[in-house]
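Worksheet: the structure to be examined is printed underneath.
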Amino acid sequence: MRRIINRRPGRGGIVFWGALPFLGAAALYAVASALRLAENPADKLLPPLSAMAAAVARIAFTPDPRTGDYLMWADTLASLHRLGLGLGVATAAALVIGIAMGLIPYVRAGLSPFVAILSMVPPMAVLPVLFIVFGLDELSKVVLIVVGVAPFLIRDLAMRTAELPAEQIIKAQTLGGSTWQIVLRVVLPQMLPRLVDAVRLSLGPAWLFLISAEAIAATEGLGYRIFLVRRYLAMDVILPYVAWITLLAFVSDYLLRLFNARCFPWLKAGKGSA
Amino acid sequence: MSHVSVRGLWKEYPGQVVLERVDLEIPSGEFCAMVGPSGCGKTTFLRMLLGQERPTRGGIFLDGRPLVAEPGPDRGVVFQRYSVFPHLTVLENVILGREFEGSRFLGKLFGARRRTAEEEAKGILAAVGLGDHLRKYPAELSGGMQQRLAIAQALILKPKILLLDEPFGALDAGTKAQMYELLLRLWSERKMTVFMVTHDLKEGFTLATRVLAFDRVRVDPTDPGAYGARITYDLLLTEKDAVQQRLAAAGARSRETEDRLGTLVATH
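See the structure below:
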């Protein structure tokens, strides 16, 4: 009997073992839902799949009688707009400040204690401040995402930049590179894929901040809708929304990973069986 | 052309003297090997030649003028590792020097100027035996090929001085022999002054026209950092030419050459 650390699943095995928890969770839900519905056909807590499908049809494919919007798409658009803006600003800030901190000793000396402290401020605790300063509309939600995500991205990128072998930076100087040229041709191209990876990791927190802000003050958005229908115990809307948000997050993560693989072929060069 | 003078040089770190009273005159075109035990300041000395570190006292002069105190295109360098850029192909790695020179703002050449630079780079890459690997990334090359790439990259700007920090330390014996040949050929063709740090005494004697041995002369057992290392031997190898001709004739280090070098090392 070989040790379990040496036994590997085959190709089919990987699919089977990967699918198992999903199937298990689905089965558990189906059984629990059926049991509750058998006891009380009007139960709202664990609605059957058919109820969820009906809710999605109502909210995604039928115009809202009051506004004429397709609510789910309008919510999705509003949320993605805020998320994209927030992550975009945070990423741009991280790129500029992170590389400067990692590469230029004076910038590092000046900013690293400040950024280190800033990243310890719990973003949710300053949300009221943001609402007071930036008002209750779009800006404060975008700022919350930026405040929540940017310090992590900046610190990560600064560390990665500082980890570049000193030999590379010296070599670039002996090839006549100015600071700007070295940033542009040596540091930036090597940092972009790392930044993309850091953004992938911060997708989760970004969604967290977005939904929290929307839950408190918004008139549309995925988080707003979930917290609105919570009052009616509308699990048939909430659960599909959660699944939809998860799917959006998963797809954006996948797209970023694809972006890295496509745009930076050198990352994989010389590794694996390629 | 590239005469290096070192005058009254000291290097101290807090609580530790690394080098003391180093005086040297290195004529243009010399191949200097710097040997000595670990931690005796040979790499520190190389870093000062490079401009990466500054002497505490004294100075280094290139053709009578004080050395610019940061790395620049007049001094090429090859380190033991990490000398090449992993995100650029072999060809891109080599033209980078020309791109920095020719494009102040973007650091990138296009069109005819790029083709000119590429042609020049291809010539150098062919000389170091990488002509068939232009589109590969460094990670796809072997250790010896990566070092040859690093040398090619350093040579495109025709530096007056080539600094080598244990460039062959991570290579196997066969690859080393090839690299010796390559390096001697490039050195004699290009009339550069070469400084090479090595912990391999035999390597130093095989390649160099002059061997500088670094060591601590005085040691205070209660305070090991009190005294720094000095150049204890400065050997001009007059027999070098004969040895090198044999080396070239043999194509690699023959048994006989080894013996010859062995006696050379023993006598000094």
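Protein sequences, first through last, are from chains A and B.
Per my numbering, the first sequence runs over residues 2 to 275.
Per my numbering, the second sequence runs over residues 457 to 724.
From the three backbone atoms N, C-alpha and C, an ideal C-beta is built for every residue, glycine too.
| query | result |
| --- | --- |
| Beta-carbon gap between residue 87 of chain A and residue 150 of chain A smaller than 9 Å | yes |
| Extent of the continuous alpha helix (DSSP H) run through residue 490 of chain B | It is not in any alpha helix (DSSP H) - residue 490 of chain B instead sits in the beta strand (DSSP E) that spans 487-491. |
| Nearest-angstrom Cβ-Cβ length linking residue 209 of chain A and residue 254 of chain A, presumed shorter than 8 Å | That pair is no contact at about 15 Å. |
| Residue nearest to residue 214 of chain A in terms of C-alpha spacing, selected from A/154, A/263 and A/128 | A/128 |
| Residues near residue 107 of chain A by beta carbon distance below 7 Å, same chain, minus five either side | none |
| The region 591-609 of chain B contacting the region 540-548 of chain B, beta-carbon criterion three pairs below 8 Å | yes |
| Element boundaries [alpha helix (DSSP H), containing residue 112 of chain A] | 106-119 |
| Within chain B, the residues that residue 168 of chain A reaches when beta carbons sit closer than 8 Å | 535, 537, 538 and 539 |
| Three-way DSSP call (helix, strand, coil) for residue 26 of chain A in this model | helix |
| Contact under 9 Å by Cβ, residue 477 of chain B with residue 686 of chain B | yes |
| C-alpha gap between residue 479 of chain B and residue 517 of chain B, whole angstroms | 11 Å |
| Secondary structure of residue 522 of chain B, DSSP reduced to three states | strand |
| Short-range partners of chain A found in the region 658-690 of chain B, where Cβ spacing is below 9 Å | none |
| For residue 593 of chain B, the first and last residue of its enclosing beta strand (DSSP E) | Counting along the chain, residue 593 of chain B falls outside any beta strand (DSSP E), and DSSP gives it neither H nor E. |
| Per-residue burial, residue 121 of chain A [other beta carbons within 10 Å of its own, 16 or more giving buried] | exposed |
| Opening and closing residue of the beta strand (DSSP E) in which residue 168 of chain A lies | No beta strand (DSSP E) holds residue 168 of chain A; the alpha helix (DSSP H) holding it covers 167-175. |
| Within chain A, partners of residue 565 of chain B - CB distance below 9 Å | In chain order: nothing, as chain A lies at least about 11 Å away. |
| Extent of the continuous alpha helix (DSSP H) run through residue 181 of chain A | 180-183 |
| Check whether residue 194 of chain A and residue 132 of chain A have beta carbons under 9 Å apart | no |
| Three-state class that DSSP yields for residue 685 of chain B in the structure shown | strand |
| Through-space distance from residue 460 of chain B to residue 641 of chain B, alpha-carbon basis | 22 Å |
| Local Cβ density within 10 Å of residue 41 of chain A, reported as buried at 16 or more and exposed below that | exposed |
| At least three beta-carbon pairs within less than 8 Å, the region 550-566 of chain B to the region 632-647 of chain B | no |
| Proximity test, Cβ basis, 9 Å: residue 469 of chain B and chain A | no |
| DSSP-derived helix/strand/coil call for residue 474 of chain B | strand |
| Close beta carbons around residue 558 of chain B, own chain, < 8 Å, minus the five adjacent residues each side | 565, 569 and 573 |
| Any chain A beta carbon closer than 9 Å to residue 593 of chain B | yes |
| Sub-9 Å separation of residue 647 of chain B and residue 485 of chain B beta-carbons | yes |
| Neighbour list for residue 603 of chain B in chain A, Cβ cutoff strictly below 8 Å | What residue 603 of chain B touches in chain A: nothing, since even the nearest Cβ is about 12 Å away. |
| Within 9 Å, strictly: CB atoms of residue 198 of chain A and residue 257 of chain A | yes |
| Classification of residue 598 of chain B by the beta-carbon crowding that lies within 10 angstroms, buried from 16 upward | exposed |
| Distance CB(residue 146 of chain A)-CB(residue 211 of chain A) smaller than 9 Å | yes |
| Cross-chain neighbours of residue 186 of chain A in chain B, by beta carbon under 9 Å | 541, 544, 552, 555, 556, 562, 563 and 564 |
| Every unbroken alpha helix (DSSP H) within the region 592-667 of chain B, with a cutoff of 4 residues, ordered by chain | 599-611, 629-646 and 657-663 |
| Nearest-angstrom beta carbon gap, residue 606 of chain B and residue 546 of chain B [assumed within contact, 8 Å] | Going by Cβ atoms, the distance from residue 546 of chain B to residue 606 of chain B rounds to 11 Å, so no, they are not a contact pair. |
| Neighbouring residues, chain A, relative to residue 610 of chain B (Cβ below 9 Å) | 172, 175 and 176 |
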